[in-house]
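Enquirer: So the protein sequences, as listed, match chains F and G. Quick note on the working numbering: the first sequence kicks off at 1 and runs consecutively. Quick note on the working numbering: the second sequence kicks off at 227 and runs consecutively. Virtual Cβ for every residue (Gly too), placed ideally from N, Cα, C.
2 protein chains.
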Amino acid sequence: MNQTPLNVLLVEDDRDLAASVADYLLLERISCDHAYNGQAGLTLASENPYDVILLDLMLPRMDGLAVCEKLRAQGVDTPILMLTARDTLDDKVAGFDAGTDDYLVKPFALEELVVRVMALSKRRSGQMQKLQVADLEMDLQSKSATRAGKPLKLTPTGWTLLETLMRASPAVVSRQELEHSVWPDEVPDTNSLKVHMYNLRQQVDKPFEHNLIHTLSGRGFVLKEE
Amino acid sequence: MNQTPLNVLLVEDDRDLAASVADYLLLERISCDHAYNGQAGLTLASENPYDVILLDLMLPRMDGLAVCEKLRAQGVDTPILMLTARDTLDDKVAGFDAGTDDYLVKPFALEELVVRVMALSKRRSGQMQKLQVADLEMDLQSKSATRAGKPLKLTPTGWTLLETLMRASPAVVSRQELEHSVWPDEVPDTNSLKVHMYNLRQQVDKPFEHNLIHTLSGRGFVLKEE
DNA sequence: GAGTAGGTTAACAGGGAGTTAATGGGGGAA
DNA sequence: TTCCCCCATTAACTCCCTGTTAACCTACTC
Chain F
1 MNQTPLNVLL VEDDRDLAAS VADYLLLERI SCDHAYNGQA GLTLASENPY
51 DVILLDLMLP RMDGLAVCEK LRAQGVDTPI LMLTARDTLD DKVAGFDAGT
101 DDYLVKPFAL EELVVRVMAL SKRRSGQMQK LQVADLEMDL QSKSATRAGK
151 PLKLTPTGWT LLETLMRASP AVVSRQELEH SVWPDEVPDT NSLKVHMYNL
201 RQQVDKPFEH NLIHTLSGRG FVLKEE
Chain G
227 MNQTPLNVLL VEDDRDLAAS VADYLLLERI SCDHAYNGQA GLTLASENPY
277 DVILLDLMLP RMDGLAVCEK LRAQGVDTPI LMLTARDTLD DKVAGFDAGT
327 DDYLVKPFAL EELVVRVMAL SKRRSGQMQK LQVADLEMDL QSKSATRAGK
377 PLKLTPTGWT LLETLMRASP AVVSRQELEH SVWPDEVPDT NSLKVHMYNL
427 RQQVDKPFEH NLIHTLSGRG FVLKEE
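#1: Could you name the residues of the segment 140-153 of chain F whose beta carbon sits closer than 8 Å to any beta carbon of chain G, in the order they occur along the chain?
#2: Under 8 Å between C-beta atoms, does P156(F) make it to chain G?
#3: Could you pull out every residue in the same chain whose Cβ sits closer than 8 Å to the Cβ of S169(F), ignoring the five residues on either side in sequence?
#4: Enumerated in chain order, which unbroken segments of the beta strand (DSSP E) with a length of 3 residues or greater are wholly contained in the segment 271-296 of chain G?
#5: Excluding the 5 residues flanking E179(F) on each side, which residues of the same chain have their C-beta closer than 6 Å to its C-beta?
#6: Tell me, please, whether the segment 73-80 of chain F touches the segment 49-62 of chain F by the rule of three or more beta-carbon pairs shorter than 8 Å.
#7: So what's Y424(G) in DSSP terms, helix, strand or just coil?
#8: For V398(G), is the classification buried or exposed, using 16 other Cβ atoms within 10 angstroms of its Cβ as the cut-off for buried?
#9: What are the start and end residues of the alpha helix (DSSP H) that includes E137(F)?
#10: Tell me which same chain residues have a C-beta within less than 6 Å of the C-beta of L110(F), skipping the five on either side of it?
#11: Tell whether a beta-carbon distance below 8 Å holds between E389(G) and M364(G).
#12: Look at the alpha carbon of L140(F) and the alpha carbon of S121(F), and state the distance between them as a whole number of angstroms.
#13: Report, in whole angstroms, the separation of the C-beta atoms of A38(F) and A66(F), which I expect to be a contact under 8 Å.
#14: Helix, strand or coil for Q132(F) per DSSP?
#15: For P433(G), which of helix, strand or coil comes out of DSSP?
#16: Spatial neighbours of E28(F) within its chain, please: CB distance less than 8 Å, with the 5 preceding and 5 following residues excluded, ordered by chain position.
#17: Taking only three categories from DSSP, how would you classify L26(F)?
#18: Is D242(G) helix, strand or coil by DSSP?
#19: Determine the chain G residues that contact D102(F) at a beta-carbon separation under 9 Å, and present them in chain order.
#20: Between which two residues does the alpha helix (DSSP H) containing P382(G) stretch?
#21: In this structure, how does DSSP classify G220(F) when only helix, strand and coil are distinguished?
#22: Exposed or buried, which one is T269(G) when buried takes at least 16 other CB atoms within 10 Å?
#23: Mapping the DSSP letters down to three states, classify S407(G) as helix, strand or coil.
#24: In whole angstroms, give me the CA-to-CA distance for K369(G) and L391(G).
#25: Is G220(F) closer than 8 Å to R147(F) when the C-beta atoms are compared?
#26: Under DSSP, the beta strand (DSSP E) around V237(G) begins and ends at which residues?
#27: Does any residue of chain F have a CB that is nearer than 8 Å to the CB of A397(G)?
#28: Give the straight-line distance between the Cα atoms of L59(F) and P382(G), rounded to the nearest whole angstrom.
#29: At 9 Å on the CB atoms, spell out the chain F contacts of K450(G), in chain order.
#30: Q353(G) to D327(G), Cα distance in whole Å?
#31: Residues of the segment 413-436 of chain G in Cβ contact with chain F at a cutoff of 7 Å, in chain order, please.
#32: What residue does the beta strand (DSSP E) around P151(F) start on, and which one ends it?
#33: Flag this pair as yes or no: are the beta carbons of Q429(G) and K376(G) separated by less than 8 Å?
#34: Can you name the residues that DSSP bridges to S144(F)?
#35: Between N211(F) and the rest of its own chain, which residues show a CB-CB distance below 8 Å, the 5 nearest in sequence each way excluded?
#36: Looking only at its chain, what residues have a beta carbon closer than 6 Å to the beta carbon of E238(G), apart from the 5 residues adjacent to it on each side?
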């Protein structure tokens with residue numbers, strides 16, 4: 001149920017296509033920002049941490065290759081999937097040279113797009129696949145978590161909460177943010193989060209001497225040592 | 227056999243060298259795709275069935291050894307010929323460790339390269355491959371699998387499932403991925419996968435003390451020790 | 001000390017996962 | 001050809017994990 005929601009940027013000037021892509025991605029729990037020209041795409045991509053960038057090759061104001069090159073020049077290493085009508089090897093080479101990670105030739109099946117996006121986001125997370133705070137570790141690949149070497153038994157929801165807390169650490173995460181991470185669509189108006197946090201603490205803190213999950217009344221939760 | 231035109235991937239950032247290599251190979255009826263950085267090479271190599279991959283050791287975006295390791299981790303068994311300026315024994319060892327099949331030290335004669343490519347493409351059919359996780363081994367060549375030395379009786383479907391799990395290990399494989407590996411076209415909407423997993427476990431885990439196949443509720447299955 | 005935010009507990013429902021057994025097709029052996 | 005065995009598929013059933021909810025308790029804040 002709860003895969004970490006992906007967040008992609010779609011840079012595409014054909015609004016009909018963009019809309020249908022966005023709709024389809026949403027069905028797969030991939031949320032999608034739009035830019036309708038290269039300049040806008042560049043700005044959005046520079047300022048937000050997307051999981052993947054979908055970049056049309058032919059764009060008004062700045063073509064896809066240029067956007068890609070500038071992003072790489074800025075040190076943005078978000079995986080880029082180039083969408084194009086062309087399909088010669090030369091174009092692919094030019095694209096890869098500019099720093100794109102994958103290619104998809106129009107017209108493409110939306111399922112195919114989803115598969116590529118998943119693959120790219122996974123590849124990237126494969127570079128940084130471990131989260132660690134104090135003696136608490138999460139291996140995103142094998143979906144296993146340990147504290148002080150002892151494996152933790154986490155439910156899917158518990159996993160999502162802990163991942164959110166670890167990614168944010170040592171920053172505070174508000175109740176609202178946590179709720180949003182577990183229920184992207186509609187947050188239940190009950191005490192569900194409280195129960196999940198309780199159960200999570202039973203796993204993460206209860207068996208150990210020092211607590212890592214701390215409550216900041218009215219502000220949220222932090223995961224950190226001390 | 228060598229009437230069939232060979233198709234190789236050249237991953238090399240020196241464009242002049244790449245071009246001359248490609249030209250020469252073409253004379254020998256060897257067609258040649260280019261990638262100018264490691265990342266691009268990895269993508270092309272993952273997605274296309276080349277006969278041989280020519281891999282420069284020093285590459286932008288991802289060095290040759292890393293590319294090689296990632297490919298092998300993905301289960302790509304295409305023969306890899308490493309091209310390098312260095313010639314120390316250490317490098318060779320590291321290369322073979324990463325899964326390369328042969329070495330060529332720059333500068334090399336183009337005739338020499340052709341000979342190696344031919345040799346590698348021929349060797350491929352007879353190439354041995356083994357997968358191993360803990361005391362579980364799969365010999366892809368002889369299609370036989372053993373755990374703790376004891377042979378396992380696997381059905382074709384069981385074999386496919388186990389191979390998928392072993393290639394991914396220690397990463398989690400979702401139900402969806404497993405289904406896709408067994409039924410590429412149309413996934414049955416029944417509990418077929420459950421039964422196959424059950425039967426697989428009867429072979430792989432039941433007769434042994436420690437289980438290797440673990441269920442992560444809502445997330446999929448992992449094959450790993452502990 | 002009142003009011004509110006957070007924590008604890010237990011009951012419940014639903015569904016995902018495991019198990020078993022019956023069916024039927026395909027391929028090899030006789 | 002016929003028979004038989006292996007294997008995939010399917011349904012039916014059980015089990016138990018997980019999420020949800022309410023009710024109650026505690027601790028903090030003002």
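Expert: In brief:
#1: Q141, S142, K143, S144 and P151
#2: Stepping through the first sequence from its first residue, residue 156(F) is reached at position 156. So yes, P156(F) belongs to the interface.
#3: Taking the first residue of the first sequence as 1, we reach residue 169(F) at position 169. Excluding residues within five positions, the ones whose Cβ falls inside 8 Å are V133, V222, L223 and K224.
#4: 278-282
#5: Start at 1 with the first residue of the first sequence, and residue 179(F) comes out as number 179. Only V187 and L193 meet the Cβ criterion.
#6: Flag = yes, the segment 73-80 of chain F and the segment 49-62 of chain F touch.
#7: Taking the first residue of the second sequence as position 1, residue 424(G) is located at position 198. It is helical.
#8: Counted from its first residue, the second sequence places residue 398(G) at position 172. Under this definition V398(G) is a buried residue.
#9: Taking the first residue of the first sequence as 1, we reach residue 137(F) at position 137. Run containing E137(F): none in the alpha helix (DSSP H); it sits in the beta strand (DSSP E), L136 to D139.
#10: In the first sequence, the residue the question calls residue 110(F) occupies position 110. These residues qualify, in order along the chain: Y24.
#11: For this step, residue 389(G) is matched to residue 163 along the second sequence. For this step, residue 364(G) is matched to residue 138 along the second sequence. Result yes, Cβ atoms of E389(G) and M364(G) sit closer than 8 Å.
#12: As a position in the first sequence, residue 140(F) is number 140, starting the count at 1. As a position in the first sequence, residue 121(F) is number 121, starting the count at 1. Cα-Cα distance, rounded: 12 Å.
#13: For the purposes of this step, residue 38(F) is taken as residue 38 along the first sequence, with counting starting at 1. For the purposes of this step, residue 66(F) is taken as residue 66 along the first sequence, with counting starting at 1. Reading off the sequence, residue 38(F) comes out as Gly, not Ala. Yes, G38(F) and A66(F) are in contact; Cβ-Cβ is about 7 Å, under 8 Å.
#14: Here residue 132(F) refers to the residue found at position 132 of the first sequence. DSSP places Q132(F) in the strand class (E or B) of the three-state scheme.
#15: If you number the second sequence from 1, residue 433(G) lands on position 207. P433(G): coil per DSSP, three-state reduction.
#16: For the purposes of this step, residue 28(F) is identified with residue 28 of the first sequence, where counting begins at 1. These residues qualify, in order along the chain: V114.
#17: The sequence position of residue 26(F) within the first sequence is 26, counting from 1. Helix.
#18: Taking the second sequence and counting its residues from 1, one reaches residue 242(G) at position 16. If DSSP states are grouped into helix, strand and coil, D242(G) belongs with the helices.
#19: What you label residue 102(F) is simply residue 102 of the first sequence in a count that begins at 1. T269 and E273, listed in chain order.
#20: As a working note, residue 382(G) is residue 156 in the second sequence. Boundaries of the alpha helix (DSSP H) around P382(G): P382 to A394.
#21: On the first sequence, residue 220(F) is found 220 positions in, with the first residue counted as 1. It is a strand residue.
#22: What you label residue 269(G) is simply residue 43 of the second sequence in a count that begins at 1. Buried, because 16 or more other Cβ atoms sit within 10 Å of the Cβ of T269(G).
#23: As a first step, residue 407(G) must be located in the second sequence, where it is residue number 181. In this structure, S407(G) counts as helix in the three-state DSSP scheme.
#24: Position 143 of the second sequence, counting from 1, holds the residue named residue 369(G). Position 165 of the second sequence, counting from 1, holds the residue named residue 391(G). Looking at the two C-alpha atoms, the distance is approximately 16 Å.
#25: Along the first sequence, read from residue 1 onward, the residue named residue 147(F) stands at position 147. Along the first sequence, read from residue 1 onward, the residue named residue 220(F) stands at position 220. No, the pair does not count as a contact, with Cβ atoms beyond the cut-off.
#26: Here residue 237(G) is taken as the residue at index 11 of the second sequence, counted from 1. Per DSSP, V237(G) belongs to the beta strand (DSSP E) from L232 to V237.
#27: On the second sequence, residue 397(G) is found 171 positions in, with the first residue counted as 1. Output row for A397(G): interface = yes.
#28: As a working note, residue 59(F) is residue 59 in the first sequence. As a working note, residue 382(G) is residue 156 in the second sequence. For L59(F) and P382(G), the distance between alpha carbons rounds to 49 Å.
#29: For the purposes of this step, residue 450(G) is taken as residue 224 along the second sequence, with counting starting at 1. What K450(G) touches in chain F: S142 and S144.
#30: Residue 353(G) sits at position 127 when you count from the first residue of the second sequence. Residue 327(G) sits at position 101 when you count from the first residue of the second sequence. At Q353(G), the pLDDT of 41 sits below 50, so the modelled position is not reliable and the matter cannot be decided from this model.
#31: none
#32: For the purposes of this step, residue 151(F) is identified with residue 151 of the first sequence, where counting begins at 1. Note, P151(F): beta strand (DSSP E), K150 to L152.
#33: Counting from 1 along the second sequence, the entry for residue 429(G) is found at position 203. Counting from 1 along the second sequence, the entry for residue 376(G) is found at position 150. Against a cut-off of 8 Å, the Cβ pair of K376(G) and Q429(G) comes out as no contact.
#34: Within the first sequence, residue 144(F) is the residue found at index 144, counting from 1. According to DSSP, S144(F) shares a beta bridge with D139(F).
#35: Taking the first sequence and counting its residues from 1, one reaches residue 211(F) at position 211. Cβ neighbours of N211(F) beyond the five flanking positions: R201 and D205.
#36: Residue mapping note: residue 238(G) aligns to position 12 of the second sequence, counting from 1. Here the set comprises A244 and D282.
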